[in-house]
Ligand code: ADP
């Protein structure tokens, strides 16, 4: 199996690049942000709970997120591999993912970490707000909180994979195609 963690701060381009990667490598895309938003739209209990955190720019609690991810894995037994987009976002989630994959006799193949300067992230998110309809993109205070949460809770996840020699840092600026090429090269050479 090819199992990829696509990593990066809010606005780094994880969603955009995931689309290219799933087409090229025939992977199942698991975006925790997309799954939460689908639950919010469907007004499920999970959606109501997630919304209260997402609206503040905070993380949804680990237990809730990990259980949701586990059921997504259980529901896709035929997958040739996964792209994890927006997960893991804490060390506890990374540990849980390792043990879930190990119980499926597989593991993370590599982490692709998109690197984008903070000023460009803020610009991209405000621009995305014009079309995404995402309220967490429209408010500079919420954006600032998401970036602060990333720096404090999520950035350490990079070291977790670096210790396993799985980290590949990718320059996340330039055209979408240029960035895709860098990702393909890292995957093909890993
Ligand atoms: P972005 O990467 O642009 O912040 P996402 O769609 O990945 O957007 O996530 C949107 C929000 O959903 C996050 O700010 C957070 O509140 C919640 N979320 C997504 N994934 C996770 C996760 N793995 N753990 C906790 N909360 C999450």
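Residue numbers (this note's numbering): 90 to 279. Beta carbons: idealized from backbone N, C-alpha and C, even for Gly.
query, result
"Compute the Euclidean distance between the alpha carbons of residue 39 and residue 240, then round it to the nearest angstrom.", "Not covered by the structure: residue 39. The range shown for the chain is 90 to 279."
"Let me know the secondary structure DSSP gives residue 160 once reduced to three states.", "helix"
"Tell me whether residue 120 sits in a helix, a strand or coil according to DSSP, three-state version.", "strand"
"Rounded to whole angstroms, what is the Cα-Cα separation between residue 151 and residue 278?", "32 Å"
"Expressed to the nearest angstrom, what Euclidean distance is found between the alpha-carbon atoms of residue 138 and residue 95?", "25 Å"
"Taking the Cβ atom as the reference point for each residue, do residue 223 and residue 100 lie within a distance shorter than 8 Å?", "no"
"Which one or two residues does DSSP pair with residue 281 in a beta bridge?", "Only positions 90 to 279 of the chain appear in the structure, and residue 281 is not among them; the question remains open."
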